[in-house]
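This report refers to the structure that appears directly beneath it.
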Amino acid sequence: MKKIGVVDTTFARVDMASYAVRALQSRGTGFKVLRATVPGIKDLPVACRRMFQDGADLCLALGMPGAAEYDKTCAHEASLGLLFASVLEAKPVVECFVFEGEASGPRELHELAQRRAEEHALNAYSLLFRPRDLARRAGEGLRQGFVDAGPVRRTR
Amino acid sequence: MKKIGVVDTTFARVDMASYAVRALQSRGTGFKVLRATVPGIKDLPVACRRMFQDGADLCLALGMPGAAEYDKTCAHEASLGLLFASVLEAKPVVECFVFEGEASGPRELHELAQRRAEEHALNAYSLLFRPRDLARRAGEGLRQGFVDAGPVRRTR
Amino acid sequence: MKKIGVVDTTFARVDMASYAVRALQSRGTGFKVLRATVPGIKDLPVACRRMFQDGADLCLALGMPGAAEYDKTCAHEASLGLLFASVLEAKPVVECFVFEGEASGPRELHELAQRRAEEHALNAYSLLFRPRDLARRAGEGLRQGFVDAGPVRRTR
Amino acid sequence: MKKIGVVDTTFARVDMASYAVRALQSRGTGFKVLRATVPGIKDLPVACRRMFQDGADLCLALGMPGAAEYDKTCAHEASLGLLFASVLEAKPVVECFVFEGEASGPRELHELAQRRAEEHALNAYSLLFRPRDLARRAGEGLRQGFVDAGPVRRTR
Amino acid sequence: MKKIGVVDTTFARVDMASYAVRALQSRGTGFKVLRATVPGIKDLPVACRRMFQDGADLCLALGMPGAAEYDKTCAHEASLGLLFASVLEAKPVVECFVFEGEASGPRELHELAQRRAEEHALNAYSLLFRPRDLARRAGEGLRQGFVDAGPVRRTR
């Protein structure tokens with residue numbers, strides 16, 4: 001049975017992992033979820049690598065950087081760490097970050113975090129179990145958490 | 157037979173992979189195309205590494221970052237990930253990114269994406285099958301998707 | 313018995329390691345502390361890697377970058393180095409940096425450094441011995457050294 | 469016999485490799501030049517790694533980034549890739565980049581590119597065959613392509 | 625006997641290595657100095673890695689980036705390369721960079737370079753032979769080349 005690692009943080013202000021796990025389970029069966037929570041986003045890369053060593057086939061890394069400039073730097077560092085862990089292990093890490101500054105208030109932030117966590121979870125599911133679903137939607141301008149941009153149609 | 161991996165995203169707004177594959181096939185035979193689609197550009201590096209593990213001799217990584225500042229950061233991270241995967245495997249990854257902000261409208265964006273995908277595909281073909289074609293054009297100021305800058309001729 | 317590496321610098325202006333070690337010891341027993349001090353934050357990554365080679369299960373890396381622009385660059389480099397060491401060894405490195413510019417004066421700086429060192433030490437303890445304590449607090453908006461941001465509650 | 473890899477790009481607007489090879493050959497014998505041309509500067513790192521695998525003892529990586537902001541980002545990424553390839557293989561990569569914006573016109577650009585390619589080639593030769601020539605000039609403020617800055621003499 | 629690698633550049637405008645070696649020798653015996661000079665700071669990482677392969681226990685990497693914006697980018701890249709080499713080998717690299725812009729004139733630049741080279745050399749010595757000297761000075765706000773910032777004392 002496939003294993004999906006779901007890692008989140010105590011720093012985040014929304015329990016994104018619950019939404020992600022629910023979305024995964026709504027999509028199908030035949031996989032086991034490994035869960036871990038770390039303090040902040042910079043702790044995610046090593047947590048993913050450790051999950052891969054425990055047999056995970058894919059990791060979903062959920063985080064919510066703050067709105068300050070320094071938080072963006074931390075997110076950048078965390079992203080590079082996730083890429084490093086992923087390429088090193090040759091296993092996908094689906095990064096799902098929501099920046100506090102992306103939403104104009106608490107309600108919008110909560111909804112954005114929920115939707116993005118769910119949509120990235122569905123992507124994770126597709127990567128593992130239905131790669132053709134992704135292939136069919138290549139170049140379709142899909143967005144996670146916001147309205148899809150859609151494809152640019154050729155105008156004549 | 158050589159294998160060329162072609163990886164693109166559902167985030168992109170133009171189906172660049174189709175243009176790239178067509179350009180590859182118009183150029184010659186004697187290779188097999190491996191195809192995969194991932195959600196976004198940060199998922200490209202591990203997809204390339206996995207294709208190399210499946211026998212690809214070269215990967216073409218196609219992506220279309222958005223126009224916002226954060227999209228540029230993501231593209232930078234993705235590029236570093238692609239470089240890491242490529243150097244680690246000692247196999248070429250031809251990166252083909254089109255930034256939404258590079259074009260002034262949908263039509264121009266579509267045409268730019270098509271042309272750049274085709275021209276990078278031809279480069280990929282040359283890297284694998286005709287390295288001397290590239291050697292002959294060293295220092296010629298070639299550009300993908302735009303008019304070539306051309307060489308700087310010595311003026312006297 | 314588990315081993316916790318605690319590495320700090322002579323560059324820092326507060327003896328954060330003492331606070332961290334005290335916090336660790338106040339939390340429980342059953343672990344041994346390995347201590348090292350290096351000149352600056354860029355010396356932390358290799359010191360952590362060496363501690364892992366000496367058997368550490370987790371490292372706490374404490375530093376205090378200056379307030380100048382260049383200090384931020386150094387901190388960024390050090391962070392990437394810590395991520396690299398951590399992912400390479402597949403062992404957690406808990407980074408605890410306090411920037412001089414975060415506090416408005418010496419007293420506040422001292423208090424911030426103490427509190428953050430203590431709170432990161434407790435996180436380190438939880439990562440090693442009580443992962444469920446972290447899991448229970450997923451998405452709770454915890455902050456180290458400052459007041460917690462708290463969770464974003466869904467408003468109706 | 470030692471092997472020197474010389475890699476350049478079709479993106480560059482001056483045939484820097486020819487100048488580099490001529491400079492190498494003017495300096496001595498006892499080495500073989502391996503040549504490759506890739507599309508752009510981000511393709512240089514893997515090309516160097518492959519040359520090392522083919523027996524190169526040192527690589528000279530020649531590139532000419534454009535004048536736009538994005539070109540600087542690409543050059544930064546390429547530089548990190550070259551450092552990665554070099555450290556990984558424990559073999560020197562001499563990076564020789566000329567930015568279009570460094571020169572005020574085509575003639576100056578051509579001359580700068582030629583001079584810098586030649587001077588980096590001589591450095592490459594020294595690294596391999598005459599390390600003492602470099603040691604003798606430690607701290608002398610040498611520059612490639614421009615007038616040397618010279619040493620800062622102690623003033624009394 | 626321990627070996628200390630000392631690597632500097634021909635780009636630097638002060639012969640920092642001589643000051644560093646003298647400072648090392650003034651501090652004690654029981655070690656051998658390995659010397660190398662490379663063209664610029666980006667050549668330092670691989671030179672350090674090669675010295676580690678030749679048996680160095682620690683490397684001192686001395687460089688003097690110019691005052692332009694691009695020089696800062698090069699220094700950043702070189703620093704990341706040094707961190708990579710150091711963590712990969714699990715051996716310390718003491719980076720000693722002096723930026724031309726740090727000093728207001730040639731005399732000050734020379735003095736700063738000398739003092740910083742000497743003080744980093746003493747740090748290198750302590751890392752190898754007297755780790756407790758560093759431990760005793762943890763959190764003391766030490767600076768290399770400038771007056772120490774000193775510790776932040778708790779005010780009541």
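Residue numbers (my numbering), protein chains in the order written: chain W, 1 to 156; chain B, 157 to 312; chain R, 313 to 468; chain Z, 469 to 624; chain U, 625 to 780.
For glycine and all other residues, C-beta sits at the position ideal for the given N, C-alpha and C.
Quantities reported herein were computed from a predicted structural model and do not represent experimental measurements.
Residue-chain proximity (residue i, chain W), Cβ-Cβ < 8 Å
i: residue 313 of chain B; result: Residue 313 of chain B lies beyond the range of chain B shown here (157 to 312); nothing can be said about it.
i: residue 287 of chain B; result: no
i: residue 210 of chain B; result: no
i: residue 449 of chain R; result: yes
i: residue 268 of chain B; result: no
i: residue 205 of chain B; result: yes
Test: residue i CB closer than 8 Å to a CB of chain Z
i: residue 247 of chain B; result: yes
i: residue 251 of chain B; result: yes
i: residue 283 of chain B; result: yes
i: residue 695 of chain U; result: no
i: residue 290 of chain B; result: yes
Cutoff 8 Å: residue i Cβ touching any chain B Cβ
i: residue 577 of chain Z; result: yes
i: residue 141 of chain W; result: yes
i: residue 149 of chain W; result: yes
i: residue 39 of chain W; result: no
i: residue 18 of chain W; result: no
i: residue 84 of chain W; result: yes
i: residue 44 of chain W; result: no
i: residue 529 of chain Z; result: no
i: residue 556 of chain Z; result: yes
Cβ neighbours of residue i in the same chain (closer than 7 Å, five flanking residues each side left out)
i: residue 102 of chain W; result: 112
i: residue 211 of chain B; result: 159
i: residue 249 of chain B; result: 204, 215, 217, 238, 241 and 242
i: residue 416 of chain Z; result: Within the shown structure, residues of chain Z are numbered from 469 to 624, placing residue 416 of chain Z beyond reach of any answer.
i: residue 703 of chain U; result: 719
i: residue 317 of chain B; result: What the structure shows of chain B is the stretch from 157 to 312, and residue 317 of chain B is not part of that stretch, so it cannot be assessed.
i: residue 698 of chain U; result: 665, 666 and 689
i: residue 129 of chain W; result: 28
Continuous alpha helix (DSSP H) stretch holding residue i: start and end
i: residue 506 of chain Z; result: Here residue 506 of chain Z belongs to no alpha helix (DSSP H); instead the beta strand (DSSP E) covers 499 to 506.
i: residue 712 of chain U; result: 693 to 713
i: residue 365 of chain R; result: 356 to 365
i: residue 443 of chain R; result: 443 to 448
i: residue 486 of chain Z; result: 484 to 495
Proximal residues to residue i (C-beta, below 6 Å), its chain only, five neighbours per side dropped
i: residue 612 of chain Z; result: 584, 587 and 588
i: residue 156 of chain W; result: No answer about residue 156 of chain W holds up, because its pLDDT of 45 lies below 50 and its placement is not dependable.
i: residue 109 of chain W; result: 103
i: residue 658 of chain U; result: 627, 629, 675 and 680
i: residue 638 of chain U; result: 734 and 737
i: residue 17 of chain W; result: 6, 8 and 62
Terminal residues of the beta strand (DSSP E) in which residue i lies
i: residue 251 of chain B; result: 249 to 253
i: residue 314 of chain B; result: The requested residue 314 of chain B does not occur in the structure, where chain B is confined to residues 157 to 312.
i: residue 475 of chain Z; result: 470 to 477
Interface flag, residue i vs chain R, CB-CB below 8 Å
i: residue 77 of chain W; result: yes
i: residue 633 of chain U; result: no
i: residue 58 of chain W; result: no
i: residue 722 of chain U; result: no
i: residue 156 of chain W; result: Confidence is the limiting factor: at residue 156 of chain W the pLDDT is only 45, short of 50, which leaves the residue's position unreliable and the question unanswerable from this model.
Chain U contact for residue i (CB, 8 Å cutoff)
i: residue 379 of chain R; result: no
i: residue 393 of chain R; result: yes
i: residue 474 of chain Z; result: no
i: residue 334 of chain R; result: no
i: residue 324 of chain R; result: yes
Distance between beta carbons of residue j and residue i, contact taken as under 8 Å
i: residue 621 of chain Z; j: residue 634 of chain U; result: Not a contact, Cβ separation roughly 16 Å.
i: residue 379 of chain R; j: residue 412 of chain R; result: 4 Å
i: residue 460 of chain R; j: residue 454 of chain R; result: 5 Å
i: residue 603 of chain Z; j: residue 287 of chain B; result: In fact, because the Cβ distance is near 37 Å, the residues do not count as touching under 8 Å.
Cutoff 8 Å; reference residue i; Cβ partners in own chain excluding five residues on either side
i: residue 500 of chain Z; result: 469, 470, 471 and 472
With 9 Å as the C-beta to C-beta threshold (strictly closer), list the residues of the stretch 337 to 348 of chain R near chain U in chain order. Shown in chain order are the members of the stretch 337 to 348 of chain R whose Cβ falls below 9 Å from a Cβ of chain U: 347 and 348.
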